[in-house]
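Chemist:
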Amino acid sequence: MKKHLILSLLALVALILTGTVSSEPKFEEDLHYFAIFPAQPGGEGERIQVTEFFLYTCPHCYQLEPHIDAWLKNKPNNVDFDRVPAMFDRDSVLMQGKSYYALRLMGVADQLHPKLFNAIHKEGVLLNTQQEMEEFLAEQGVDLEAYRKAMKSFAVQTQARRASVLGDRYDLRAVPSIIVDGKYRATGLAGEAMMQLTDHLIEKVKVERGIASQ
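Structure representation (structure tokens):
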């Protein structure tokens, strides 16, 4: 029994030393990520575009946020990142998505984005109607007149329509989803695994486009 255990341990050590056992995750197309057909425009030159689609009411999006924040601190210099609200055809979803763009137009999205997630998922605040959203934003010190003006602005209406069009072009079916350079859609993984997959797809795009690592 002891001899068998020793041999098993030696075999495991040999596998580790030869690299047969690896802690690196293996990602497969059509299982962990999907190619987008037709491929959409990505970054220009040697830039690579990464886009996250989210919903404020999505618990998995909420759980992914700290991992995205950590990833942003160390992302490659030639990678551009953007958040896009999924504009699924539901009144509350459309209102929340437009609110994100309105707050971004006002220059306060960065500070309020995590607060909106926390309000819904930690504090149980309902933000499904315009009135509920305005009451919450007023508590955060947001100028409601400026917010209402932004919500009706051409810029926000245009961004909301663009988000809807992008969702269709990327065949968006669930959130969170991360689009890498208009070519690949990552979805279904949680936390750190999602960001590892994002890095994997970035490297894949670099090879395909002949971009040197930065």
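All residue numbers for the sequence shown refer to our numbering, where the first residue is 345 and numbers rise by one. Even glycine gets a Cβ: it sits at the ideal position worked out from N, Cα and C.
#1: Which term fits Thr502, buried or exposed, when burial requires 16 or more other beta carbons within 10 angstroms of its beta carbon?
#2: With Ile412 as the anchor, note down where its alpha helix (DSSP H) starts and where it stops.
#3: Where does Glu373 sit, in a helix, a strand or coil, going by DSSP?
#4: Does DSSP put Ala379 in a helix, in a strand, or in coil?
#5: What is the rounded straight-line gap between the Cα of Leu359 and the Cα of Leu545?
#6: When the Cα atoms are used, what is the spatial distance from Asp525 to Gly532?
#7: Could you tell me the distance, in whole angstroms, from the CA atom of Lys370 to the CA atom of Met495?
#8: Residues in its own chain within less than 7 Å of Tyr377 by CB, not counting five upstream and five downstream?
#9: Count the other CB atoms within 10 Å of the CB of Phe381; is the residue buried (16 or more) or exposed (fewer)?
#10: What residue range does the alpha helix (DSSP H) around Ile464 cover?
#11: Apart from the five residues just before and just after Cys405, which ones in its own chain have a Cβ nearer than 7 Å to its Cβ?
#12: With a CB to CB cut of under 7 Å and the five nearest residues on each side skipped, what residues in its chain are close to Ser497?
#13: Whether or not the stretch 456-476 and the stretch 435-448 are in contact is what I'm after, with contact meaning three or more pairs of Cβ atoms, one per stretch, closer than 8 Å; do they touch?
#14: Could you round the C-beta distance between Val549 and Ile392 to whole angstroms and report it? I think they count as a contact, below 8 Å.
Modeler: In short, the structure shows the following:
#1: The residue given as residue 502 occupies position 158 in the sequence shown. Residue environment: Thr502 is assigned as exposed (fewer than 16 neighbouring CB atoms within 10 Å of its CB, all protein chains considered).
#2: Indexing the sequence shown from 1 puts residue 412 at position 68. Pro403 to Leu416 is the extent of the alpha helix (DSSP H) around Ile412.
#3: On the sequence shown, residue 373 is found 29 positions in, with the first residue counted as 1. In this structure, Glu373 counts as strand in the three-state DSSP scheme.
#4: For the purposes of this step, residue 379 is identified with residue 35 of the sequence shown, where counting begins at 1. Reduced to three states, the DSSP call for Ala379 is strand.
#5: Stepping through the sequence shown from its first residue, residue 359 is reached at position 15. Stepping through the sequence shown from its first residue, residue 545 is reached at position 201. Any answer about Leu359 is weak, because its pLDDT of 40 lies below 50 and its placement is not dependable; what the coordinates show is given next. About 27 Å.
#6: Within the sequence shown, numbered from 1, the residue matching residue 525 stands at position 181. Within the sequence shown, numbered from 1, the residue matching residue 532 stands at position 188. So the two alpha carbons sit approximately 18 Å from each other.
#7: Taking the first residue of the sequence shown as 1, we reach residue 370 at position 26. Taking the first residue of the sequence shown as 1, we reach residue 495 at position 151. Taking the straight line joining both Cα atoms gives about 43 Å.
#8: Translated into the one-based positions of the sequence shown, residue 377 becomes position 33. Cβ neighbours of Tyr377 beyond the five flanking positions: Phe371, Tyr528, Arg529, Ala530, Leu541 and Leu545.
#9: Against the sequence shown, residue 381 aligns to sequence position 37. The residue is exposed, with fewer than 16 neighbouring Cβ atoms inside 10 Å.
#10: In the sequence shown, the residue the question calls residue 464 occupies position 120. Looking at the DSSP string, the run of the alpha helix (DSSP H) that includes Ile464 is Ala453 to His465.
#11: Taking the sequence shown and counting its residues from 1, one reaches residue 405 at position 61. If the five residues before and after Cys405 are omitted, its C-beta is found closer than 7 Å to the C-beta atoms of Phe398, Leu399, Val519 and Pro520, all from its own chain and listed in chain order.
#12: The residue you call residue 497 lines up with position 153 of the sequence shown. Cβ-Cβ distances below 7 Å link Ser497 to Leu449 in the same chain, with the five nearest sequence neighbours on each side left out; the list follows chain order.
#13: Contact between the stretch 435-448 and the stretch 456-476 is present: 3 or more CB-CB pairs across the two stretches fall below 8 Å.
#14: Residue numbering aside, residue 549 sits at position 205 when the sequence shown is read from its first letter. Residue numbering aside, residue 392 sits at position 48 when the sequence shown is read from its first letter. Confirmed, about 6 Å.
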